[in-house]
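Chemist: Read in order, the letters of the sequence shown are residues 118 to 216 in my numbering. Have a look at the structure that comes next, please.
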Amino acid sequence: MLHDRVLVEVDQEAGERRSSGGIVIPATAAMGARRLAWSRVIAVGPHARAVEVGDRVLFDPEGKAEVEVHGEVYVVMRERDVHAVAAERLEGGSTGLYL
């Protein structure tokens, strides 16, 4: 990875969702608002400062560059396109979630 780029794996199970009332919402259902997605970081560039391999990041999957490596689909984005980071490496009883 170069510069501040982040490579995340695409969550294949994110298609179908269930509402709080138990109604199944298929992946093909159009949503009025954009939906952000959580994904696990696979690789980071040397200039990424807040994201490390293994973190989960929240980002907007629309319009992001997808790449296929050995049959697996990944998303490549800049670190600035990450909305939040969930990390287990934080100490002191913190939630581990940066917003």
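Beta carbons: idealized from backbone N, C-alpha and C, even for Gly.
Pick helix, strand or coil for R122, following the three-state DSSP scheme.
Modeler: Strand at R122.
Chemist: With a threshold of 8 Å, are at least 3 pairs of Cβ atoms found where one atom belongs to the stretch 119-127 and the other to the stretch 156-165?
Modeler: Contact between the stretch 119-127 and the stretch 156-165 is present, because at least three Cβ pairs lie under 8 Å.
Chemist: Could you check how far apart the C-beta atoms of K181 and V192 are, in whole angstroms? I think they sit under 8 Å.
Modeler: Yes, K181 and V192 are in contact; Cβ-Cβ is about 5 Å, under 8 Å.
Chemist: Within 10 Å of its beta-carbon, does A160 have 16 or more other beta-carbons around it, so buried, or fewer, so exposed?
Modeler: A160 should be labelled exposed.
Chemist: Per DSSP, L175 is paired with what?
Modeler: DSSP lists W155 and A201 as partners of L175.
Chemist: To the nearest angstrom, how far is the alpha carbon of E205 from that of V141?
Modeler: Computed Cα separation, rounded: 31 Å.
Chemist: On the criterion of 16 or more Cβ atoms from any shown chain inside 10 Å, does V202 qualify as buried, or is it exposed?
Modeler: Flag for V202 reads buried.
Chemist: The beta strand (DSSP E) that contains E189, what's its start and end?
Modeler: Looking at the DSSP string, the run of the beta strand (DSSP E) that includes E189 is E189 to R195.
Chemist: Can you tell me which residues form a DSSP beta bridge with A160?
Modeler: Paired residues: L124.
Chemist: For V184, does the count of other Cβ atoms within 10 angstroms reach 16, so buried, or fall short, so exposed?
Modeler: Exposed is the call here.
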